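For the sequence shown, my numbering gives the first residue as -16, with consecutive numbering after it.
Note that the Cβ used here is the ideal one computed from N, Cα and C, for glycine as well.
The structure presented is a predicted model; accordingly, all values stated were derived computationally and were not measured.
To start, the structure itself, in structure tokens.
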Amino acid sequence: MKKAIGFLLWLAGHVVNVLTLAGACVYLWGVVAWMHAPLAGALGVTAAMALLPLALAWVCRTIGKRLWKNLPAGAPSPSRARRWLLAGAGIVFVGACGSLVRTGLVEHQCSVERSRTWATHEADTRRNGFERVCPGDLARFDISFKSLASSTRKLAFTPVDLTHTPFARFESLGGRAESVGDVPSRLYRGFRMPDGHRVTLFEHDMSADGSRSWRNPRDEPERINGLPARLVVLEDNTGTAVSLLSWFEGRRGYQLWIDANVARVPLRGQLFALAASLPHAVPACPNEPPPAPLRFDADGNPVDEPMPEMLTRTQADALADGSKRPCR
């Protein structure tokens, strides 16, 4: 019985090890490849989450091995170097867990406080010209870039040419493609300005994947080459900020952001000038049937159109596989 329990504990330790490492790999792939989180930060968070189950797995394996193989309880103590190594690993583990818990608590407190004072929060945003947010709200703007050549190799659309724009004078940080369904119809391109600020240009060709987007016209008071646009300025309590300018040109959606608060730093004019310098986009699907106009309810929200009772073979194929859309 003792040996059986020991064997099960030893086996459980190995199973937990494998499952933890597999889960860590899946999590890393998701946050880095899909959410574009920086690799170093993702590794730190993953390590903090994986340390506890890995430590428990090690305890299970150790105890199980002693019971299974009848090892004496008073086994030789580990060497001094190994003791120092274990002590260091324990300190790192405690520090990582503490950092993870502290980050979670700060984010939770920030979200709760904002919910409680939402009316005041909105008034402060209008008065200051920017919105105070939690640090986690800015994480999605921290893009991990790859080589621009590899990012654009399999794109389903042609990104706008930046050769004759001010972007050509900036240092390129690379790019990153993103798919909608199985169609690579989005592209991020990063740049560093001469003054050190980072600028990111995002393009989404909705004609390539058949998606659509909408926005309440009241939320687009700005203008880019005559097109309605929206400027959102966000800043957390550490002073980290993002100024995001977004607009649509036909079926091409644009977002341009800079890691600065343009309500405080005199970069608003330069941000708008960069947006206005972009040439006209060539849609991936120029012969795409125009989407049906959106209908809105009394609150300004779009009303979903009812699904047709029957679909043609072409329509069914297009829904299942974006590459089989009629324009192709």
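Glu105 sits in a helix when the DSSP states are folded into three classes. The continuous stretches of alpha helix (DSSP H) do not include His147, and DSSP gives it neither H nor E. With the rule of 3 Cβ pairs closer than 8 Å, the region 167 to 179 does not count as touching the region 222 to 233. At the C-beta level, Asp192 and Val215 stay beyond 8 Å of one another. Under a 10 Å Cβ-count criterion, His(-3) is classified as exposed, with fewer than 16 other Cβ atoms of the shown protein chains found around its own Cβ. The beta carbon of Gly(-11) sits closer than 8 Å to the beta carbons of Ile46, Gly47, Lys48, Arg49, Leu50, Trp51 and Lys52 from its chain, once the five residues preceding and following it are set aside; these are given in chain order. As for any beta strand (DSSP E) of minimum length 3 sitting wholly inside the region 117 to 176, the runs are 154 to 163 and 166 to 175, ordered along the chain.
The three-state secondary structure of Ala40, taken from DSSP, is helix. Partner residues in the beta bridge of Ala212, as assigned by DSSP, are Glu205 and Trp230. Between Phe231 and Asp188, the CB-CB gap reaches or exceeds 8 Å. His180 is not a Cβ neighbour of Asp125, given a cutoff of 8 Å.
Where Thr223 is concerned, there is no enclosing alpha helix (DSSP H), because DSSP gives it neither an H nor an E.
Here the alpha carbons of Leu(-6) and Pro167 stand approximately 43 Å from one another.
Three or more beta-carbon pairs drawn from the region 104 to 119 and the region 242 to 259 are found closer than 8 Å, and the two stretches are therefore classed as touching.
A straight line joining the alpha-carbon of Ala102 with that of Thr108 spans about 10 Å. Residue environment for Thr183: buried (at least 16 other C-beta atoms within 10 angstroms of its C-beta). By the neighbour-count criterion, in which a residue is buried when 16 or more other Cβ atoms sit within 10 angstroms of its Cβ, Leu35 is exposed. If you look at Val248, you'll find it isn't in any alpha helix (DSSP H); DSSP assigns it neither H nor E. Annotation for Phe(-10): no beta strand (DSSP E) segment contains it, though the alpha helix (DSSP H) segment containing it runs Lys(-15) to Trp12. When DSSP states are grouped into helix, strand and coil, Trp197 belongs to the coil group. In the three-state reduction of the DSSP assignment, Leu34 falls in the helix class, which pools H, G and I. Excluding the 5 residues flanking it on each side, Thr3 has same chain C-beta neighbours closer than 8 Å at Ala33, Pro36, Leu37 and Ala40, in chain order. Judged by DSSP secondary structure, Asp192 falls outside any beta strand (DSSP E) and instead within the alpha helix (DSSP H) spanning Met189 to Asp192. For the set Leu131, Pro266 and Pro274, the Cα lying nearest the Cα of Arg235 is the one of Pro266.
In this structure, Thr135 and Pro142 form a Cβ contact; the two beta carbons are roughly 7 Å apart against a cut-off of 8 Å. Excluding sequence positions up to five before and after Ser194, its CB lies within less than 6 Å of the CB of Val163, all in the same chain and listed in chain order. Note that the C-beta distance between Phe128 and Gly158 is below 8 Å. Judged by their CB atoms, Pro211 and Glu218 are not nearer to each other than the 8 Å cut-off.
One alpha carbon belongs to Glu271, the other to Gln253, and they sit about 34 Å apart.
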